[in-house]
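Engineer:
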Amino acid sequence: MRITNYEATNFNDAMANNDWKARLGMVYSTNPDFQYATDDEPEVETLEPAKQDLRIWLDRKQRGGKVVTLVKGFVGTEEDLSALAKLLKTKCGVGGAAKEGEILIQGDHRDRVVEILLKSGYRCKKAGN
């Protein structure tokens, strides 16, 4: 049986992406109950909206003088944070982002964001100026 260059390349790529690189330097263990430990923290379960305590801020720092509305205090998965950010961006009609547990909405939309969050069942209030 002859192996073509295409098959050899795919085989090498598959071997290069193996799981053994993620084992943090562990090559072999004789312990049958050994579990590979990683630094990955399990994601926090998303609290229901009534138990969330969100704070709405207006921020200009490190943004070249541009104003953004920050939503802080969300407890949950990144997917749920992104979904909430998408809802807020859509309802406000502006751009924004969800990163590091915060939602950034471009512009001063504090009143509108508080209104949307309260209608969605979240506990929130404006903080700062």
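Using the working numbering, read the sequence shown as starting at 168 and increasing by one per residue. Where a beta carbon is used, it is the ideal one built from N, C-alpha and C, also for glycine.
1. Let me confirm a value: A265 is counted as buried when at least 16 other C-beta atoms fall within 10 Å, else exposed. Which label applies?
2. Skipping 5 residues on each side, what residues in its chain have a beta carbon closer than 7 Å to that of E267?
3. In whole angstroms, what separates the C-alpha of E269 from that of G263?
4. Would you check if there are 3 or more beta carbon pairs closer than 8 Å linking the stretch 216-230 to the stretch 238-255?
5. Jot down the residue ranges of each uninterrupted beta strand (DSSP E) in the stretch 236-276, minimum 3 residues, whole runs only, in chain order.
6. What's the call for R290, buried or exposed, on a 16-neighbour Cβ count within 10 Å?
7. With a Cβ-Cβ cutoff of 9 Å, do T257 and T213 count as a contact?
8. Quick one: Cα of L284 to Cα of A252, how far?
9. Could you check which residue in Q219, E215, Q229 and K233 has the C-alpha nearest to that of D275?
Structural biologist: In short, the structure shows the following:
1. Translated into positions along the sequence shown, residue 265 becomes position 98. With 16 or more other Cβ atoms within 10 Å, it is buried.
2. Position 100 of the sequence shown, counting from 1, holds the residue named residue 267. So the list is empty, once near-sequence residues are dropped.
3. Walking along the sequence shown from the start, residue 269 turns up at place 102. Walking along the sequence shown from the start, residue 263 turns up at place 96. Spanning the two alpha carbons is a distance of roughly 11 Å.
4. yes
5. 263-266 and 269-273
6. By one-based count along the sequence shown, residue 290 stands at place 123. Exposed, since its Cβ has fewer than 16 Cβ neighbours within 10 Å.
7. As a first step, residue 257 must be located in the sequence shown, where it is residue number 90. As a first step, residue 213 must be located in the sequence shown, where it is residue number 46. Their beta carbons are not under 9 Å apart, which means T257 does not touch T213 by this criterion.
8. Residue mapping note: residue 284 aligns to position 117 of the sequence shown, counting from 1. Residue mapping note: residue 252 aligns to position 85 of the sequence shown, counting from 1. Their Cα atoms are separated by approximately 11 Å.
9. If you number the sequence shown from 1, residue 275 lands on position 108. Per the Cα distances, K233.
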